[in-house]
Amino acid sequence: MISKIVVHKVGNKINQEGLFLSNEELKLDEEMLEVLENYFLSGFKSEEQFQFYSDSYLANNVVYGAVSEIFEDQAKFLWESETIAKHLFEIAENPRVSGGEIFVIFFEGEESDAGKIDKIGIFKTEKKEMFLKVNANDNDGYDLDKYFGIGLSKPDKGVMIYNNDKETGFVLSVYDNNKSGDIYYWYEDFLKVKQRDDDYFHTQ
0 MISKIVVHKV
10 GNKINQEGLF
20 LSNEELKLDE
30 EMLEVLENYF
40 LSGFKSEEQF
50 QFYSDSYLAN
60 NVVYGAVSEI
70 FEDQAKFLWE
80 SETIAKHLFE
90 IAENPRVSGG
100 EIFVIFFEGE
110 ESDAGKIDKI
120 GIFKTEKKEM
130 FLKVNANDND
140 GYDLDKYFGI
150 GLSKPDKGVM
160 IYNNDKETGF
170 VLSVYDNNKS
180 GDIYYWYEDF
190 LKVKQRDDDY
200 FHTQ
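Encoded structure:
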């Protein structure tokens, strides 16, 4: 269940695009939260799991450090979401990387036999879709307006970080549906993740 959500606008600094940070969390009603939860979770299809790593100390992995702080203290959610957005902005070294919105979301874990596992999702939207809006006019007819916005099929990029196995880099699910800009940008440059050495890995 979504309990916290914030969105920042991250451009490509190589292309002279800016970084625009929100200073507050989104305040949404239950219906919108349900729509967004279905939207954000729709991109995870594979059973493949990943973990954060670092070339030196794990704590030096920026996203790992930020989510660790949030899991420890939810009061740091907004501050650390800015850290994540700034990091995403700084690592864009390819002019073909698309700017877009980055959503940082805290999912409150539900009680189960395995205990309560909270999750943090980070999602990036890049492609804009055209949609039409039908409006009544003063002549008892209708007009069409054209808009561009975020489609509700699934985000372009996503990662879900589960609050377990922190010592080895957490357990992550990751996807990238838009690899046209830079195939290393999301997995390597931003998240710095590697596949977990688990049953799925050995099956492959």
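Residue numbers for the sequence shown follow numbering that gives the first Met the number 0, so the first one is 0 and each next one is one higher.
Backbone N, C-alpha and C define an ideal beta-carbon position, used for all residues, glycine too.
Note that the structure is a prediction, hence the values are computed from the model and not measured.
- The beta carbons of Phe39 and Tyr174 sit no closer together than 8 angstroms.
- Across the set Pro94, Lys156, Lys85, the C-alpha of Lys156 shows the shortest separation from the C-alpha of Asn176.
- For Gly120 and Tyr146, the gap between their C-alpha atoms comes out near 28 angstroms.
- In this structure Gln15 is not in contact with Lys193, their Cβ atoms being roughly 33 angstroms apart against a cut-off of 8 angstroms.
- Three or more Cβ pairs closer than 8 angstroms define a contact, and the region 98-109 meets that threshold against the region 120-140.
- Val158 is positioned such that its CB atom lies no closer than 8 angstroms to that of Leu143.
- Leaving aside the five residues that flank Leu25 on each side, the residues in its chain whose CB is nearer than 8 angstroms to its CB run, in chain order, Ile4, Val5, Val6.
- For Glu125, the three-state secondary structure derived from DSSP is coil.
- Listed in chain order, the alpha helix (DSSP H) elements of length 4 or more contained wholly in the region 43-82 are 61-71.
- Using a 10 angstroms sphere on the CB of Pro154, the tally of other CB atoms reaches 16 or more, which defines it as buried.
- Cβ-Cβ distances below 6 angstroms link Gly99 to Lys123, Thr124, Glu125 in the same chain, with the five nearest sequence neighbours on each side left out; the list follows chain order.
- Glu79 counts as buried, since no fewer than 16 other beta carbons sit within 10 angstroms of its beta carbon.
- Of the other Cβ atoms in all chains shown, fewer than 16 fall within 10 Å of the Cβ of Asn138; this residue is therefore exposed.
- Put simply, of His86, Tyr186, Asn136 the residue whose alpha carbon is nearest the alpha carbon of Lys12 is His86.
- When the five nearest sequence neighbours on each side are left out, the beta carbons in the same chain lying within less than 6 angstroms of the beta carbon of Lys118 are those of Phe106, Met159, Tyr161, in order along the chain.
- Residue range 156-161 is occupied by the beta strand (DSSP E) that includes Met159.
- By alpha-carbon distance to Gly150, the top candidate from Phe19, Ser41, Lys8 is Ser41.
- Sequence-distant partners of Phe76 (beyond 5 residues in either direction) whose C-beta falls short of 8 angstroms from its own C-beta, in its chain, are Lys3, Val5, Glu24, Ile69, Val103, Phe105.
- Burial check for Val96: the Cβ neighbour count within 10 Å reaches 16 or more, so the residue is buried.
- As a beta-bridge residue in DSSP terms, Leu131 pairs with Lys145.
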